[in-house]
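Worksheet for the structure shown next.
Residue numbers (my numbering): 14 to 122.
Now the structure itself:
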């Protein structure tokens, strides 16, 4: 787990969960964050760039998606930070829900 992921786990008060549960929660948060960032930025893109982005998303090419987003949006890091802060506020308000989701997904595997 990266230092950023560890800091996130600590911020959310999830240090008592197993590492597998922590990873599951980090993955869920990352997926939601990525979706929010793409949605936020997508509205600002021209139709050609939207087409390239759509194709990269369809091909599940995360590297190309990030390249397109970073290359077309001057304030990319600011957008990511803003979306992350909003998401973390929501997660902190409802962290028990995420804990339970992780436990259920792990028990199903």
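All residues carry an ideal CB built from backbone N, CA and C; glycine is no exception. Everything numeric in this text was worked out from a predicted model, so none of it was measured.
Leaving out five residues on either side along the sequence, give the residues of the same chain with a beta carbon under 7 Å from the beta carbon of residue 45.
So the list reads 100, once near-sequence residues are dropped.
Under DSSP, the alpha helix (DSSP H) around residue 99 begins and ends at which residues?
Where residue 99 is concerned, the enclosing alpha helix (DSSP H) stretches over 89-106.
Buried or exposed: residue 115, going by 16 or more other Cβ atoms within 10 Å of its Cβ?
Residue 115 should be labelled buried.
So residue 78 and residue 66 are in contact, right, with Cβ under 8 Å, and what is the actual spacing, rounded?
7 Å between Cβ atoms; contact.
Per DSSP, what kind of secondary structure is residue 59 in: helix, strand or coil?
Three-state DSSP puts residue 59 in coil, outside helix and strand.
Three-state secondary structure (DSSP) at residue 64?
Three-state result, residue 64: helix.
Buried or exposed: which applies to residue 111, given that a residue is buried once 16 or more other Cβ atoms fall within 10 Å of its Cβ?
Residue 111 is buried by the Cβ-count criterion.
I think residue 118 touches residue 37, with their Cβ atoms under 8 Å apart; what is that distance to the nearest whole Å?
Correct: roughly 6 Å between the Cβ atoms.
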